[in-house]
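Q: Below is the structure I would like to discuss, written out as structure tokens.
In our numbering, the protein residues as written are 12 to 481.
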């Protein structure tokens, strides 16, 4: 791991982190070509890409419902129990996020509020091929279902080594889909799956929101379709930052750094401390643990190429460094971990205290493990129920409310040069003040219309109605 020692008064700068925040142009171009082809050719393009990228010949993409229904049969009971425990705790956490529609009424009877509506269909992307990620299924499907989404559609690449006639999806992933409430499963992956969800094909329905992690092609495709469909985020490699003082155990911190490093050679691990001797002890512990790791090659590559140790002169500088890193996962291994919580501004998930192992958050704690990466925690949020709902402002004026607010509306419209805006409010005022006949189009000439759009008494009306609370 590369070490950065900050002098007194020196701050960690983003440029010191050497992050790669942009998807390579060649991957973006390839993803765009795949998207364009799927939009033009539909299922035929999906079949061709399945042969080319996954090495499988598919006649049907949708997994039969009977295979989903039988997902829990024959599984190790300990796995099923762990899966159901995780699902229950994830569901309980997200149920606390549910926002209700709300309305308020002003003294003049005008009603204002927000109507909360779930999206009709959400697509969740689950990596597959040679891997299995049941936790990803739960973390994406459960908040969607808690939000009230009617159709949760899962796409995942088929297992390459699946025997003909058998289920092409990992039994663990399939079980998670059953427990998480997934409604439909399609065995398609990559940028082509994102395109199918975004625009629809003959077999795969279009959705309103796409969530879930994937490789660089999936991330590029999500970015490209964003705007035509909602997405959660464009996630990069996994990250962890450990803020530790001398009370922390070096071997535990070493294990926590390795828990992220073993994900991917591109995973980023940061250790921030005020104690250079402690940092050296952590690095020595990593070397010992690597000897026992079955994923030593991946872990070492990640730590050597992406790992950074920041040695700060004091705790305030250390906390400032953490906020500059804005990590996906932050662990506080400090004597006063809870006391530091208020100083943390940027982090996707914060694990407070020595007992709060980050892998607990990956699987069973309850908060979502789909988190902003690459420093985007400075302005982004974890996946939540909010990602699967829309908010519509509701505005319902009474005649009294119209008379109170129309003059200010007309004055602001006049300042912006939007004559019809002012007229829209002014005509309603005219009806209330003089009756329906006063706005007959045949009787209104240009001067009349201008007078309605910008009447002489506007200033007095604004003054008379400005001081009122919603």
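Glycine residues also receive a C-beta, built at the ideal position from the N, C-alpha and C atoms.
Taking C-beta to C-beta, are residue 209 and residue 221 nearer than 8 Å?
A: Your numbering for residue 209 matches position 198 in the chain shown. Your numbering for residue 221 matches position 210 in the chain shown. In this structure, residue 221 lies closer than 8 Å to residue 209 by Cβ.
Q: Using the Cβ count rule (16 or more neighbours within 10 Å means buried), how would you classify residue 267?
A: Here residue 267 corresponds to residue number 256 of the chain shown, with the count starting at 1. By the 10 Å Cβ count, residue 267 comes out buried.
Q: By the three-class DSSP mapping on this structure, what secondary structure does residue 362 have?
A: By one-based count along the chain shown, residue 362 stands at place 351. Residue 362: strand per DSSP, three-state reduction.
Q: With DSSP as the reference, label residue 240 as helix, strand or coil.
A: Sequence index remark: in the chain shown, residue 240 carries index 229 (1-based). In the structure shown, residue 240 sits in a strand (DSSP, three-state: E or B).
Q: Could you spell out where the beta strand (DSSP E) holding residue 487 opens and where it closes?
A: For residue 487 there is no data in the structure shown, the boundaries of the chain being 12 and 481.
Q: Is it right to say residue 250 is buried, meaning 16 or more other beta carbons lie within 10 angstroms of its own, or is it exposed?
A: In the chain shown, residue 250 corresponds to position 239, counting from 1. Buried, by the Cβ-count rule.
Q: Looking at residue 12 and residue 318, is the spacing between their C-beta atoms short of 8 Å?
A: Taking the first residue of the chain shown as position 1, residue 318 is located at position 307. Taking the first residue of the chain shown as position 1, residue 12 is located at position 1. A contact, by the Cβ cut-off of 8 Å.
Q: Under three-state DSSP, which class holds residue 343?
A: Position 332 of the chain shown, counting from 1, holds the residue named residue 343. Here residue 343 sits in strand by DSSP.
Q: Let me make sure I understand the geometry here. Which of 200, 433, 202, 147 has the alpha-carbon closest to that of residue 374?
A: Working through the chain shown from its first residue, we reach residue 374 at position 363. Nearest option by C-alpha distance: 147.
Q: Beta-carbon separation of residue 270 and residue 161 under 8 Å?
A: For the purposes of this step, residue 270 is taken as residue 259 along the chain shown, with counting starting at 1. For the purposes of this step, residue 161 is taken as residue 150 along the chain shown, with counting starting at 1. Cβ distance not < 8 Å, so residue 270 and residue 161 don't count as in contact.
Q: For a minimum of 4 consecutive residues, which ranges assigned as the alpha helix (DSSP H) are wholly contained in the stretch 138–219?
A: You should have 145–158, 182–191, 201–210.
Q: Tell me which residue opens and which closes the alpha helix (DSSP H) that residue 90 is part of.
A: One-based indexing of the chain shown puts residue 90 at position 79. Start and end: 88–106.
Q: For residue 100 and residue 371, I'd like the C-alpha separation in whole angstroms.
A: By one-based count along the chain shown, residue 100 stands at place 89. By one-based count along the chain shown, residue 371 stands at place 360. Their backbone Cα atoms lie some 11 Å apart in a straight line.
Q: Can you have a look at residue 177 and say buried or exposed, based on whether 16 or more other CB atoms are within 10 angstroms of its CB?
A: Translated into the one-based positions of the chain shown, residue 177 becomes position 166. Exposed: under 16 other Cβ atoms inside 10 Å.
Q: Bridge partners for residue 128 per DSSP, in chain order?
A: Locating residue 128 in the chain shown gives position 117, where the first residue counts as 1. For residue 128, which the question treats as bridged, DSSP gives the partners 401.
Q: Terminal residues of the continuous alpha helix (DSSP H) containing residue 374?
A: Position 363 of the chain shown, counted from the start, is the residue given in the question as residue 374. Its alpha helix (DSSP H) spans residues 369–374.
Q: Less than 7 Å between C-beta atoms, sequence neighbours within five positions excluded: which residues of the same chain meet that for residue 245?
A: For the purposes of this step, residue 245 is taken as residue 234 along the chain shown, with counting starting at 1. 230, 233, 234.
Q: Give the straight-line distance between the Cα atoms of residue 346 and residue 278, rounded to the nearest whole angstrom.
A: Translated into positions along the chain shown, residue 346 becomes position 335. Translated into positions along the chain shown, residue 278 becomes position 267. Distance between the alpha carbons of residue 346 and residue 278: 27 Å.
Q: Near residue 104, which residues of its chain fall below 7 Å by C-beta distance, leaving aside the five closest residues on each side in sequence?
A: Taking the chain shown and counting its residues from 1, the one referred to as residue 104 is at position 93. Taken in chain order, the residues that qualify are 377, 378.
Q: Quick one: complete alpha helix (DSSP H) runs, 4+ long, within the stretch 408–459?
A: Here the runs fully enclosed are 410–426, 430–445.
Q: Going straight from the alpha carbon of residue 85 to that of residue 286, what length do you get?
A: Counting from one through the chain shown, the residue named residue 85 turns up at place 74. Counting from one through the chain shown, the residue named residue 286 turns up at place 275. About 51 Å.
Q: With 16 as the cutoff for other CB atoms within 10 Å, does residue 3 come out buried or exposed?
A: With the chain represented from 12 up to 481, any question about residue 3 goes unanswered, as that position is not in the structure.
Q: Determine the direct distance from the alpha carbon of residue 333 to that of residue 321, and round the result to whole angstroms.
A: Your numbering for residue 321 matches position 310 in the chain shown. Your numbering for residue 333 matches position 322 in the chain shown. Taking the straight line joining both Cα atoms gives about 9 Å.
Q: Please classify residue 82: does DSSP put it in a helix, a strand, or coil?
A: Residue mapping note: residue 82 aligns to position 71 of the chain shown, counting from 1. Looking at residue 82 - three-state DSSP - the assignment turns out to be coil, as it is neither helix nor strand.
Q: When the Cα of residue 284 is compared with those of 137, 324, 275, which residue comes out closest?
A: Here the question's residue 284 lines up with position 273 in the chain shown. If we check each option's Cα against that of residue 284, 324 comes out closest.
Q: Report buried or exposed for residue 477, applying the criterion of at least 16 other Cβ atoms within 10 angstroms of its Cβ.
A: Position 466 of the chain shown holds residue 477. Its pLDDT being 42, under 50, residue 477 is placed unreliably in this model, and the value from its coordinates should be taken loosely. Exposed is the call here.
Q: Check the C-beta distance from residue 218 over to residue 184 and give it rounded, since I have them as a contact under 8 Å.
A: On the chain shown, residue 218 is found 207 positions in, with the first residue counted as 1. On the chain shown, residue 184 is found 173 positions in, with the first residue counted as 1. Not quite, the Cβ-Cβ distance comes to about 19 Å (not below 8 Å), so this is no contact.
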